Structure formats: structure tokens, C-alpha cells
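*Asks:* Residue numbers (my numbering), protein chains in the order written: chain Y, 1 to 687; chain S, 688 to 1210; chain C, 1211 to 1312.
The C-beta atom is built at its ideal place from N, Cα and C for all residues, glycine as well.
Computed from a prediction, not measured in an experiment: that's the story for all the values here.
Here's a structure for you.
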Amino acid sequence: MMDNSNLTLALLNLFLPLLSFSILILFGKKIGDKAHLVSLVLIGGMLAIAIRFFSNVFHYGAEPILETSIQWFTTGKFSVDLGFLINNVAAIMLLVVALISFLVHLYSVEYMKDDPRYSRYFAFLGIFTFSMNGIVLADSLVMMYIFWELVGLSSYLLIGFWFEKESAANASKKAFLTNRVGDIGMFIGIMILFFEIGSFQISGLIEGVQNGAFSGDMTLLTIAGVLVFMGAVGKSAQFPLHIWLPDAMEGPTPVSALIHAATMVAAGVYMVVRIFPILTPDALEIIAYVGGITALIAAIIAITQNDIKRVLAYSTVSQLGYMIMALGVGAYQAGFFHLTTHAMFKACLFLCSGSVIHAMHHALHELKDHDTDPQDMRNMGGLRDKMPITFWAMFISTLAISGVPFFSGFLSKDAVLAGSLSYYHHHHGWSLFLPIAGFGAAVITAFYMFRLIFMTFFGNSQNKDIYSHVHESPFKMTFPLILLATLSFAIFFTLPSTINPFDSHGWFTHAVPMVENVAGLNMHEVEEGLHHAHHSAMMISLAVAGIGILMAILFYLSKSIDAKKVANTLNKVKLYNLSFNKFYIDEIYNILLYKPFLAFSWLCSKLDWDLYDQKFIDGWGWITIKLSDKSGEADYNWLDQKIVDGCGRLTQYFGRNLKLTQNGVVQNYLLGGIMGLLLLIIIFQQF
Amino acid sequence: MESSILTLLIFLPVAGALLMLPFAKLYGKENPHIYKWIALVTTSLQLVLAWVLYSNFNPAMSIAESPFTVQLDWITHFNIQYYLGVDGLSMPMVLLTALLSCICIIASWNIEKQALGYFSLFLLLDAGMMGVFLSMDFFLFYIFWEVMLLPMYFLIGIWGGPQRMYAAIKFFLYTLFGSVFMLLAMLALYYYSDPHTFSLITLIQTAGSIDAEIWGMSVKYLIWISLFIGFAIKVPVFPFHTWLPLAHVEAPTAISVILAGVLLKMGTYGLLRISYPLLPSEVVNFSYILAVLGVINIIWGAVNAIAQIDMKKMVAYSSVSHMGYVLLGMAAVVSESPEGAQAGLNGALMQMFNHGTITAMLFLLVGMIYERAHHRWIIFPQDYKQPELAGQIAFGGIGAKVPVYTAFIAMAFFAGLGLPAMSGFISEAMCFIGGFSVFRTLTIIGTLGILLNAIYFLRAYQRIFLGPLNEVYKDLTDITGRELITIIPLAIIVLWFGVYPAPLLNMIAPAMDGIIQIVQSVI
Amino acid sequence: MDSLQSYLTIAAMLFSMGIYGVVTRKNAIAILMGIELILNSANINFIAFNRFGGMQNLDGHVFSIFVIVLAAAEAAVALAIVINLFKNVGSVDVDDADLLKG
């Protein structure tokens, strides 16, 4: 009975947002600017259900809250099942998605006001939430893949929401295609797993690996694991497929908060969390390095960006790298913990930046200034007094992301860093890179986040006109900020066990216990290592956060160091440019992959049509025509003209000549007749 | 009633075409409406009949058991029979043919030029297609195969685009070239089998025991090759594919729909109906090549589609790519894993049906924009008649102008690139899964198609519908009611089978199982 | 000289003269006369063959009388044609009557 009601709730949870989408897409024109009412009611319902599921988390049971599946289709032997698997991880994730989705819906009411495609915007948010829930609830890799792609679709639609802008259209296409590269790997990985184990279900896969489906060939399992992980590389914007996420900032800012910060990009991490038990140590190592590289590179790029949203985008990429790295080093709990805390403060940061952009946009609009970029931090400054709520919310979440004690980010980041440190303790050698990347990225994160705060809210305004026209955003926008900033305090994640800000034990650690890895990783060892590394990691991370913040103060608040000079000095070896131009990765892809590929396809089409078809295939036609020409010629010139007509001409010749004897002189005929008679007589005489 | 339904399905359109003749006497050629209505009523009746057939259809019954089967002597001297039947293999194709024919008549509503000729030829074409899918006698099959060819030639050649004569001739000769091989194979099968017969059902038992040789090559091998060439041209399999872009581009909208939606499927249908059950041992030997060709089709079609600047040509190359999935899935019949073989073969047949509906949507939608803008360039070519436009993006930003149309074309594009919740995804995934169980490396190369298909659809979508609005098209009108009637049924089917493919699979799975058993029995 | 040989010789000579006349003469009347000679040579042959037993009863005589009657009829018709020819062409020279000549 209990199970049944859970199933109904799960179904409602999944389909309420789809209902919102369907209503708005079909009747959007009629509903018009009341569209948000429809979605707020439906998404609100979904939030209630998510909270209901979340309440189960506090039972701390390892048993899933709901595990059920039905057959989708079958061909006899080959069948695909769809189903739900709600365990504690999924329940937490469901709440994260529902909460942020609801807040973003609320926020958008104000942010998207007067947009000509207002109802469609909410419809797209609906289909996104639907697909995201699908990923969270999915009990099988196939179902996950299906919603994976649907999330890609909704992301495409929302990034390109203002499609009149060429850059938005480009960004949406880039996001979809880059994701597809990862999806190919994921699809192949799913196929390998299916044919080796015979199941798409995650539980079935774990069971299969446990029962030794790969016993002889762990390399294949590693390959499969890495391939499936490729999906996460695409979706969670890991190096080398991270390029789409910064461009995705072309979408409306609430969308960036929901999709490109808190939920969709975390789906990759979530997926790795789900399949974590079957990832081999080798696969995890690769995952860890990918995460580490991403965390570091993205952080470096973020330093030099001037667009407020781009800074946040690279910061997202960097933080996602953290999560992936955590999973890679086996710190399963830390990875998911960071996902959850990050979702709150990063969504808050994005919504704050949206609030700033909104204010800037309105100010510029009033000034009839269409050239100044409302997102460029160099045009901001001193906004602290004008937008106090936004400032405080953003400041709190910046503290959280920088890893300052008392805030959630400190706990989760610390756990991640402890993981990387303990990994080094166990493996030595090159794995030193992981803690370096982790702590390095932590310094840089603190630095660029405070740079952002100082450039935006402190100092003197760069432009007095703009400054005087800026106003704090209305309550519908600030409410989500306040709520999310509140949730960035550490205490919400450690209750009810402790209020000690340096201790991460609480409901979260109870609800998400370490899982067993059936592919060969000894989780007890990992756990012990984490425990040992905990203290040193905490000390170092405190220190690096302090250094980062201090440097930001020196550079951008007190201005005791001239940032430009440093930049010029660094630029002597092109370091600044390297960061500013995002390591030229986009350009490299463009020059080495995209452009040559387009040229290749152009060449192929020339080959296919102009050469193969027009010359070779039509060549057969040409040859046939030439041959038939020749044979026709021979037929006419020889057979017809010479032989057939020759007979005619011969007859004609004789006729013409014999005609002369036919001269009408009867006497001649008679003479001829008699001569003939005589001739006959003579001839007959001979016999 | 039950036994006459198949005959009715085939000859109803013929009756419709004949019915037009007295009206031609009465009303002359000036009044096109009467012919449209006759054609519409005929094809609608055919669709109803097909639906009746489907609702009484029992997928578990073989041809021999089915109450619909008709088997009458026709030319007794050569043992040629009027043998019609329907099983899980032909059922989806019959439904597809009936549906697309009906939709195409509605889509052809604007045809004014020689309406009598157009609609009567169309109905003849319809009869031919239906006949091909229902014939169980090779001779009958061959006749319908050829019957279909001639109306097609005229429909392209008279009502087509600027290069219509070239396209029509090319189509005709190319297909005829294939038919010759098929004819040879048919006669060889007849003479080498004992007793001499054209019955495809009897030949399943007898064709296997052919062991003669010609020029040191086994006759079965030669028959397989001949049949394959005949069918490969229709599919079209690389390198026999180049008639397709031209014919699609030049044909009028409705004919492109029929070409891509039904005619291409006849190639793969023929392989599954004739080559597979009759020559299973050759299938086993040939499966690797089949998979290679399938992958080449997938990649080559997609790569070429990326470079196209004509929408219709792009869609045409996408068909080449999508038919590659079918070949890959079909090749998986030799899979050692029963899941793989079933996924592959069922996926292949499903992909045939799904591609029929998706590509029909694509061509219809491209036709609509062509009717409004009188061109369908994505980018104007270098030798465009207005030199100042050459190389420029032709449309741009019209998504804001025609939102409903854009929504449908977006749906069709996403269905084409294999988005889940659209029917194409399931069948493509199944073809890959099937292929992967036998040809791992090949299939991995083939999965690149997932990306490549997305590239050209999204590029085209962006260039046509996104970006700033091109002022030339600021008066573009959105989709009309009649056009919606043609698109919505297809859209519903694409979504329905994308979300709930079980009805389709239940219909085809037993027949596919039969083919798998026949082929696997000789491994 | 009472032998068939001599009658036949006379007839042949007559026939040859008739032929010569028909072939060489331009005058239609002269040609008609040549024809009379040919017919009469035939008559002589009939009578001679009857006399010397080549035929029974009076067959030869009967044939001769037939030929004479025919010759009379022929002469009547032919002369009528000649008169008509003269009326139309203005001469009785057969070379002038070349209307059929192509």
C-alpha cells in the first residue's frame, strides 16, 4: 500500500512539470502573461512531493524508498524496462531539483516579464524539470539516457530562447552537439554493459559485476565505465568538452541558474554517483584526473573574465570538476555532498548576478543606452548600497563557494580535498597532481569570486548615470536569493548531529553512507584514508581560502597592487592572454576539428555528387549513349544505307536503264518478243 | 470478406483511377476538383481497409494460416499464382503505404497542372506499392514492382522541378537496371528449384537445396548478388545512392514523400521478404558486408547532408543515412546473442516504418516552405540567379514569424536526429544494439551518426529559423489548416511510437522471429 | 512437192514477212497488213496439218474459217481505231501514238 502511494507520488513528481509544458505549449497564446500561474501551481505541487520523499531520508535506511519497474517494450528476448529507483541520493537530488526549479520559476515571473514569448519560456522550464526528474528517478541506464537527451533538448531550447541573437543560436547548437559527443560514448558504454551483463537496470548491473560478469576482463569494464562517464563529461562540462557551458550563458539568467549551475550540469555527477559501484579503480583514476584538470583549468580561465556570468560559468565548470574528482578518488559521499551544497550557493550566485543584470539592463534601458554591456563587470561597481539584498545574498554564497567556515561550501570542499589528499597518500607519483589541482583551484576560486564581488559591489561606480538608475529588484526576485543564501550556511547540512562548523557529520552523511564498490575498489581503505586526511586538508584549505581572499582584497579592494601591471608582467610569457582566451580551446577545436570537418563534408559532397554521380554514374550513361551513337551510326551508315538501300539502288539502276527499252514502240516489244522466241527455240534445239 | 480485403487494398486505387475516366469525358480536363476528391475518397477507403486489416490481424499467424491469404492459379503453365498474404513484415508497410498515400493526396491539393493525369497516375502508383507489399508470389511481386515504376517516372518527369526530365530518366534507368538483376534472380530461382515455382513461401523450403554452379560460382551466391543489387538500388545502398538526392529534389512534394517514405523501404523489404528466408546461408556469409555498407551509409549520408545547401537535398541525404541504420540492424540477424539478433531485426523493420513517417514529415514541411518562398535554399548557391545573394543565408529568423510551423519542423528535425520520445530513437538504438552484438568496431564507427545527424539538422534549423529575421520574409504566413491535416497524424504517430512502441513491436516481432530462426538454422 | 515440208516452208516465209512488216512499218495500215499475213500463214499451217493427218476430220478447216472471221472482225475494229487515231493525232504513224510513254 505504502509502495503504491509512493509510486503514484513518483509518477506525479515526474509528470506534473510535463503537464505544465503541455498546457502552456498548447494553450500558451490564450493564457498569455498568466502562464506563470499554471507552472507555479504545478511545480509547487512537485516541490511538495519532493519534500515528502525527502522526509524519508531521515530514516537513514539503506533500503530504497521506491524501486519498481515495468516493461516498456519487448521483442521476445530483448526487452527494455522503465522504472523508478528512489534511494536517499535520489530523494535529496529530487528536492534540489524541485526547490531550485520552483525558485527559478518564481524568480522568472519578474525577470522575464514583458518577454514576447513569456508562456513558452515557462513551458520550456516545465519540460526541463520533467526531463531532469526523469534522470533522477531513472532506475536504468536506458531510461537515464532517454532523459539525458531530453535534458539536452530543453537546454537547447532555453539557451536559444532569445534566438534572434545570433550568439544565442550558436551557443544552443554548440551545447547540444558537444553533449552529443559525450552521449555517443555513454551509448556505447551502455551497450557494452548490456551485452556483458544482460541488463540495463543499475541494480542489475551492480549485481552482474558482483557475480563476476567481467571477472576475466576488467579492462572491458574499465572501458565501459569510462565510456559511460563520457556522457557525464559532456553533460557536466568536463574537460575537454567543457566549452559549451560558458557559451550557454546566452540563455536567460534564471535558466543559467537552474540548468547550467545547479541541476542539469550536476546530472553528470549524479549519474557517476549512481553507477559508482561498478566503476573500476582504473576508470575512477581517469575520472579523477579529468575532474582535476577541469577544476584547475576552469578556475584559471575564470580569473580574467569580465562578463559576470562567464566568471560564474567557469566557476561552475571548476566546481563540477571538484565533484568529479571527488568521485574519482573514491570520495563518493564528498562528491555528492559538494553537488548539493554547490547547487544552493551557485544557484544563488547566478540569481544574484541575474538581479544585477536585470537592474543594469533597466538602468541602461532608461538611459536609452544600447551599446553598454549590462553583464560587463567593468561597467558596474559600488552597487552594494543600491542593491543591499542582492549584495548580501551574493556575498554569503561567495563565502560559501570560497570555502569559508560556517558555510556549506567549506564542509563539502574540505571533504573533496581530503579525498584528493588521501588518494595521493595511497598512490603517490603523479597523483600529486590531484591535491595540487584541488588546492590550487581553491585559491583561485576564492580569488576570482572576491574579485567579482569587489568589482561589482565595492569601489566607485564606473558610470554615475548607470549607478543612479540602478534599483534593487522586486520581492519575487529577492525571495529566492534570501532563501538560497540562507541554505548556504553549513548548519543546514549538519543538523541535527552538530552545529560545529568544522564537523560535517549530520543528516547528510547519515543519509548518504559510503557504498560498496563491486568492481575492485576497497572502500574501507578509502574511508580510512579520508578520515586521516581530514585534518590536514582542513588546515590547508583554510589557508588557501585565506590567501585567495587576501589577494583579491589587495588587487581589487585596497588596490595596493595594480592588477593591470601584474597582468602585463604575466603577459610577457602570454600567461594572461592564455587565461583570457580560455587556453584557446575553442579556437583549437574550431581550427582542428570543426572547420576541417566542414571542409571534409563539403569535399565529400563534391566527391559524391560532382565526381561520383555526375562523372562516374552518369559516365555509364555517357558511355551507353556514345556506344549507342556508334552502333546507331553503324546501323544507319552500313546496314541501312549501304546494304538495304544498296538493294534498292541496284533495282533502281536496272529500272532506270531498262526503262529505255520501254519506249512505247510496240514494234520494238514485238521484235523483242520474237527475238526471245527465237532464242528459246535455239536453246531448246540444243537439248 | 476476409480473403478479399487484400485484393481490395490493391485494386481499389485502380478502380479509382478508372472511375476518373468517365468524368474526364463529362467535365473535361479543366475541373481538377473532381479528380482530387475521387483520389481522396479512394485512398481514404484504402486507409480504412488497412486499418480493418490491422485490427483483425493476428501477428502470430503465418502466411499459410492467415485468413487473409489469397492463393489462386493464374498462369498454370508456369505455376504462377495470384498469391497475396500479410504477415508481421508486410503489415506495417501496408499501413504506412495507405497512410502516406492518403496524406499525399491532401498534400497535392494545389496541383492544377493536368490533375487527371496526376491523380490517376498517383493511384496507379499506390496500387503498385500495395501490390509489392502483399505479393507472396515472386512473379506477381515483380510485376507490381515494375507497375510502380512507370507512374513514378511520369510523376517526376511531368510535375517535377526544373531538372525533372533528367531526374526522371535517371531514376527510371537506375531502377530498371536493378530490376534486370532481380528478374534474372527470379528466373534462376524458378528454374533451379524443384518443383518449379514462384511462390515465395514454397521457395523457403526448396531454394535451400539448390546446389548448381555456373562458371565455378554457386548459383545461390549469384542469385543473392543479383537480388542484392536489385534491392540495394532501391534502398539505396552506397554506392548506388546517387539517384536519390536528384529524384527527391526534382519530384513534387507528395512524390518525394512517397519516394522516401515507401519506395526506399521496398529495397529492405525485398531483402527481408525474399533474400533472407530464401538464401539464409548467403545471408550469413554476407552479413559482414551488409553491416559495412550500413555503416558507410550512415556516415556517408550524414557527412554529405552536412554540406548540402538545399533543404530537400539535405533531407534526401539524411534518408541515405537513416536507411543505413536499417542495414546495420538487418546484418545483426547472425548475432549469437538472441537479444542482439532480435533487437537488430526488429529495430530494422521499426526503423523502416519510423523513417517513413519522419521523412514524410520532413518533406511535407520543406514543401510547405517551398510553396511560400518559392525556393528552399539554406544558403544561396554560388551561381544563384541574383549574384548579390550568392553565398548568403537564404532564410533566417523566420521562427519568430511562423511559430507553429517552426514547432513542427523542430519536432521533425529532432525526430530525425534521433531524440528520445520520438520514434526514431528507439529504432535507431535497437539497430545499434543489434549491430553491436556482432560487429563491435563497425557499430562504434556507426554511432558517430548520432552526432553527425545532429550537426546537419541543427545547422539547418539555426540558419533557417533562428537569428535575426530576414526582412524579405516578414509577411510569411504560418501553416494552414489543410497542411496541419497532413502533418498532425504523422506527428502523433512519431510521438506515440516514441513513447509507446509496444504495439508496433508486438505486430512485427513474431515475423522477425521467423526470419531469425530460418537464418540462424544454417549457422 | 506434195509434202508437209513445203507447206510449212511457205507458211514460215509468209509469217516472217508478216513479222517483218509489223516490226518495221510505221504505217498502221501496213502493220495491219502484216498481221493479215501472219494470220494467213497460220491458216496455211492449219490446212496443211489437216491434209497430212496431224488433225482429225475437218478441224483444220474449221479453225481456218474461224481465223478468217476473226481477221475480218479484227480488221474492222483495227481500222476503226486507226481512223480514230488519225482523227486525234493527225497521222496514222504509230510512233506518234505515244501517249503511254513515261
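(1) Run through DSSP, which three-state label would Y:L66 get?
(2) Output, in chain order, the set of chain C residues within a Cβ distance shorter than 8 Å of Y:V666.
(3) How far does the alpha helix (DSSP H) with Y:V38 in it extend, from its first residue to its last?
(4) Look at the alpha carbon of S:V701 and the alpha carbon of S:G815, and state the distance between them as a whole number of angstroms.
(5) In terms of residues, what are the limits of the beta strand (DSSP E) holding C:V1232?
(6) Would you please state the rounded distance, in angstroms, between the beta carbons of Y:F502 and Y:P405? I believe it to be under 8 Å.
(7) Spatial neighbours of S:G703 within its chain, please: CB distance less than 6 Å, with the 5 preceding and 5 following residues excluded, ordered by chain position.
(8) Using 8 Å for Cβ pairs, my map puts S:Y879 next to S:I897. What's the rounded Cβ distance?
(9) So for Y:F458, helix, strand or coil by DSSP?
(10) Assign S:L1052 to buried or exposed, taking buried as 16 or more other Cβ atoms, counted over all protein chains shown, within 10 Å of its Cβ.
(11) On the three-state DSSP scale, how would you describe S:N1157?
(12) Using beta carbons (cut-off 7 Å, strictly below), is Y:L670 in contact with chain C?
(13) Is the segment 995-1002 of chain S touching the segment 1236-1243 of chain C, taking contact as three or more C-beta pairs under 8 Å?
(14) Could you tell me if S:I976 is buried or exposed, where buried requires 16 or more neighbouring beta carbons within 10 angstroms of its beta carbon?
(15) Among the candidates Y:S119, Y:Q210, Y:V136 and Y:V233, whose CA atom is the shortest distance from the CA of Y:L40?
(16) Quick one: list the residues of chain S neighbouring Y:F78, beta-carbon separation under 8 Å, in chain order.
(17) What residue ranges within the segment 790-862 of chain S form continuous alpha helix (DSSP H) runs of no fewer than 4 residues, ordered along the chain?
(18) Name the residues in the segment 1178-1190 of chain S whose C-beta lies less than 7 Å from a C-beta of chain Y; which are they?
(19) Which two residues bound the contiguous beta strand (DSSP E) that contains Y:V80?
(20) Figure out for me which residue from S:I920, S:L706, S:A941 and S:G954 has the closest Cα to the Cα of S:E1058.
(21) Give the single residue among Y:A543, Y:A485 and Y:N568 whose Cα lies nearest to the Cα of Y:C348.
(22) Name, please, each residue of chain Y whose Cβ falls closer than 8 Å to the Cβ of C:V1232.
(23) The beta strand (DSSP E) that contains Y:Q305, what's its start and end?
(24) For a contact meaning CB atoms closer than 7 Å, what does S:S1124 contact in chain Y?
(25) Looking at the strands, I want to know which residues DSSP matches up with Y:A138.
(26) Taking the beta carbon of Y:M1 as the centre, do at least 16 other beta carbons fall within 10 Å, making it buried, or is it exposed?
(27) Less than 7 Å separating the beta-carbons of Y:A442 and Y:G506?
(28) Evaluate Y:S628 with the Cβ neighbour count: other Cβ atoms within 10 Å of its Cβ, from every protein chain shown; 16 or more gives buried, anything less gives exposed.
(29) Rounded to whole angstroms, what's the CA-CA distance from S:I986 to Y:F458? Just pull it up for me.
(30) Under DSSP, the beta strand (DSSP E) around Y:W162 begins and ends at which residues?
(31) Leaving out five residues before and five after Y:N56 in sequence, what residues of the same chain have Cβ atoms less than 7 Å from its Cβ?
(32) What are the boundary residues of the beta strand (DSSP E) that S:L771 is part of?
(33) How far does the alpha helix (DSSP H) with Y:D114 in it reach, from first residue to last?
(34) Quick one: complete beta strand (DSSP E) runs, 3+ long, within the segment 886-932 of chain S?
(35) Determine the direct distance from the alpha carbon of C:M1227 to that of C:Y1217, and round the result to whole angstroms.
*Replies:* In brief:
(1) Secondary structure at Y:L66: strand, using DSSP grouped into helix, strand and coil.
(2) Result: V1304.
(3) That run of the alpha helix (DSSP H) goes A35 to S55.
(4) Using only the alpha carbons, I get a separation of about 9 Å.
(5) C:V1232: not part of any beta strand (DSSP E); member of the alpha helix (DSSP H) spanning L1214 to T1234, first to last residue.
(6) Confirmed, Cβ separation roughly 6 Å.
(7) If we look at S:G703 and ignore the five residues flanking it on each side, its Cβ neighbours are I725, T729 and L810.
(8) Between S:I897 and S:Y879 the Cβ distance is about 5 Å, and since that is below 8 Å, they are a contact.
(9) When secondary structure is reduced to three states using DSSP, Y:F458 falls in the coil class, being assigned neither helix nor strand.
(10) It counts as buried.
(11) Coil, per DSSP.
(12) By the rule that beta-carbons nearer than 7 Å mark a contact, Y:L670 touches chain C.
(13) At 8 Å Cβ cutoff, the stretches do not touch.
(14) Counting Cβ neighbours within 10 Å, S:I976 comes out exposed, since fewer than 16 surround it.
(15) Between Y:L40 and the set Y:S119, Y:Q210, Y:V136 and Y:V233, the nearest pair of CA atoms involves Y:S119.
(16) One finds P1025, E1026, G1027, Q1029, A1030, N1033, M1117 and I1120 in chain S with Cβ atoms closer than 8 Å to the Cβ of Y:F78, taken in chain order.
(17) Segments of the alpha helix (DSSP H) lying fully in the segment 790-862 of chain S: 802-821 and 825-846.
(18) Within the segment 1178-1190 of chain S, P1188 and A1189 place their CB atoms closer than 7 Å to a CB of chain Y, listed in sequence order.
(19) It spans S79 to I86 - the beta strand (DSSP E) in which Y:V80 sits, taken as one unbroken run.
(20) Cα-wise, what sits closest to S:E1058 is S:A941.
(21) For Y:C348, the closest alpha carbon among the candidates Y:A543, Y:A485 and Y:N568 is that of Y:A485.
(22) Those within 8 Å of C:V1232 in chain Y are Q667 and L670.
(23) Y:Q305: not part of any beta strand (DSSP E); DSSP gives it neither H nor E.
(24) Chain Y residues near S:S1124: F195.
(25) DSSP, once it has assigned bridges, lists Y:F84 as partnering Y:A138.
(26) In this prediction, Y:M1 has a pLDDT of 41, which is less than 50 and means its spatial position is unreliable; what the coordinates show is noted afterwards. By the neighbour-count rule (16 or more Cβ atoms within 10 Å), Y:M1 is not buried but exposed.
(27) Cβ distance not < 7 Å, so Y:A442 and Y:G506 don't count as in contact.
(28) Using a 10 angstroms sphere on the CB of Y:S628, the tally of other CB atoms stays under 16, which defines it as exposed.
(29) Note on geometry: alpha-carbon atoms of S:I986 and Y:F458 lie some 55 Å from one another.
(30) Careful: Y:W162 lies outside any beta strand (DSSP E) and carries neither H nor E.
(31) The residues are I65 and A91.
(32) Going by DSSP, S:L771 is part of the beta strand (DSSP E) stretching over I767 to L771.
(33) Counting along the chain, Y:D114 falls outside any alpha helix (DSSP H), and DSSP gives it neither H nor E.
(34) Whole beta strand (DSSP E) segments, 3+ residues: zero.
(35) A direct Cα-to-Cα measurement between C:Y1217 and C:M1227 gives close to 15 Å.
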